[in-house]
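Step one of this worksheet: look at the structure below.
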Amino acid sequence: MDWKLVGVTFGAIFLAELGDKTQLATFLMTAKSGSPWAVFLGSSLALVLASLLGVLAGEWLSKMIPPQYLQLGAATGFVVIGCLMFWQVFRGGS
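When we follow our numbering, the leftmost residue of the sequence shown carries the number 2, and every step to the right adds one.
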């Protein structure tokens with residue numbers, strides 16, 4: 002097991018998830034339900050399943066497409082999403 006990779010992955014995902022819509026949804030669900038452990042279990046299992054799907058898809062795609070092209074595609078996707086968000090702000094959208 003590559004523990005350095007585990008640590009880097011943990012840090013990157015942990016920081017990326019802080020304050021995102023998933024965390025806000027869990028705040029709201031906990032506040033509404035009054036059952037924090039049930040919300041914790043459900044949200045934890047959902048994140049684990051989503052991560053598993055990402056790992057399996059990444060493994061499958063990396064066998065068909067060189068990793069540098071996958072990285073380029075992901076980077077391009079993030080840039081496009083960022084540009085669309087800026088465009089929406091400058092157009093006066095919400």
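Glycine included, C-beta positions come from ideal geometry on N, C-alpha and C. Keep in mind it's a predicted model, so treat the numbers as computed, not measured.
Where does residue i sit, in a helix, a strand or coil, going by DSSP?
i     : result
Leu19 : coil
Met86 : helix
Gly74 : helix
Met2  : coil
Ser36 : coil
Gly12 : helix
Gly93 : coil
The alpha helix (DSSP H) with residue i in it runs from where to where?
i     : result
Ile66 : Note, Ile66: premise wrong, no alpha helix (DSSP H); not H, not E.
For my contact list, residue i and residue j are in at a C-beta cut-off of 8 Å; report their separation, rounded to the angstrom.
i     : j     : result
Leu85 : Leu71 : Incorrect: roughly 21 Å between the Cβ atoms, too far for contact.
Thr27 : Val40 : 6 Å
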